[in-house]
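**Student:** Heads up: take any position in the sequence shown, counting from 1, add 9, and you land on the numbering used here. Yeah, the Cβ is synthetic: ideal placement off N, Cα and C, and Gly gets one too. Just so we're clear, the structure is a prediction, and the values are computed from it rather than from any experiment.
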Amino acid sequence: MNCLKKKISEYRKENMIQNQEIESLKEEIARLNSIINANVEAAELSSSPKIALIEPAIALNPSEAAQTSMNYQELNEVPANILTTKVKEVYERVGPYEFDADQLVEVTWRGPRKLPDGSLYVGEWNDRGQPEGRGMMYCADGGICEGSWKTGKLHGKGRRINSVGDMYLGDWVEGKMNGSGRMEYSVDNHIYEGEWINGKQEGFGSDKWPDGSKFEGNYKDGARNGQGKFVWADGSHYEGGLVNSEIEGIGEYVWPNGNKYKGEWKSCKMHGKGKFAWPDGRHYEGDYADDKKEGYGIFVWTNG
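1. Is the number of C-beta pairs between the segment 132–145 and the segment 208–218 that are closer than 8 Å three or more?
2. Using only the alpha-carbon positions, how far apart do Trp274 and Gly260 sit?
3. Only counting the same chain, and skipping five residues up and downstream in sequence, which positions put a Cβ closer than 7 Å to that of Gly3?
4. CA-CA distance, Gly120 and Ile200?
5. Measuring alpha carbon to alpha carbon, tell me which of Ile170, Ser254, Cys277 ends up nearest Tyr262.
6. From this set, Met279, Glu294, Asp243, which residue's C-alpha is nearest Lys301's C-alpha?
7. Pick from Gly151, Asn312, Glu183, Tyr305: whose alpha carbon is nearest that of Asp289?
8. Glu155 and Gly167: beta carbons closer than 8 Å?
9. Rounded to whole angstroms, what is the Cα-Cα separation between Glu202 and Gly250?
10. Let me confirm a value: Val99 is counted as buried when at least 16 other C-beta atoms fall within 10 Å, else exposed. Which label applies?
11. Identify the residues that DSSP records as bridge partners of Phe224: which are they?
12. Measure how close the beta-carbons of Leu92 and Tyr147 come, nearest whole angstrom, since I'm counting them as under 8 Å.
13. Counting along the chain, where does the beta strand (DSSP E) carrying Arg168 start and finish?
14. Extract the residue ranges of the beta strand (DSSP E) inside the segment 239–295, only unbroken runs of 3 or more that lie entirely within it.
15. Taking the C-alpha atoms as reference points, what is the distance between Gly127 and Asn90?
16. Tell me Phe108's beta-bridge partners as DSSP assigns them.
17. Going by beta-carbon coordinates alone, are Asp150 and Ser172 separated by less than 8 Å?
18. Note the first and the last residue of the continuous beta strand (DSSP E) segment covering Tyr177.
19. Where Gly304 and Gly235 are concerned, what is the direct C-alpha to C-alpha distance, given to the nearest angstrom?
20. Give the DSSP bridge partners of Ala298, in chain order.
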């Protein structure tokens, strides 16, 4: 009798488990059908590869609103104050980012979705919940990035306007400026165009300032290093060596009045061997220290 009760108890328990499993299976099927229907709706929708600056908000497709992921959080709109005032000013001046012609394939953009670092992304995604393809990111610091993405990072062609209004347009590799690019600095409004490696100017590049001053030469580790040529708005110019953006090494400097020095420099000062010449023919050749004649030298006058 006890054995029979035990069997009946085991049967009831097993039957209860089966019923629970059936109910769970029904719930799972219903959930999958809901997801499939939502994806079908989303697949029928397409959006422009360009998104203009969002002043009030971006409406989210209702069919996507309920979807969640461990990598992002769905939002209904982009907050109006997500960009800094400086970024808005720059964006209104330059307009939305323009993709290359070969990128203008019609696709569905999704978002806004909030990422773990606090930034918001609108665009294409990979199946791991990472930005991939074309899209735009509202950065947590108030800046904005637009262009091509790969595994959550800018990769290929793209544009970034950082929180203070500096704007970079050019090549990216794994989230860093790499290749050829143009940077417009907001502080002094000067423009750099040239080569980049790992987020820093490296290789050949040029700078231009609003007053007409310009530089052309070599960069290393984000600073002017090697050989280069400066031309200033007052007419003075320098051509020669540079170390960490300072005049250093062998070079020639010409002043607006025609005075000229050719020789050794250190920390933007005449230092070492050199020759200083005046327009009337006088010249001094000898030693310099800290921008002054010091040590041995020969001074020659035009009258002998």
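**Tutor:** Reading off the structure:
1. Under the three-pair Cβ rule at 8 Å, the segment 132–145 does not count as touching the segment 208–218.
2. 7 Å
3. The chain is shown only over 10 to 313; residue 3 falls outside these bounds and no answer can be derived.
4. 33 Å
5. Cys277
6. Met279
7. Asn312
8. yes
9. 20 Å
10. buried
11. Asp216, Phe239
12. 7 Å
13. 162–170
14. You should have 246–252, 255–263, 269–275, 278–286.
15. 14 Å
16. Residue pairing by DSSP places Phe108 opposite no residue, since no beta bridge is assigned to it.
17. yes
18. 176–182
19. 28 Å
20. Lys301
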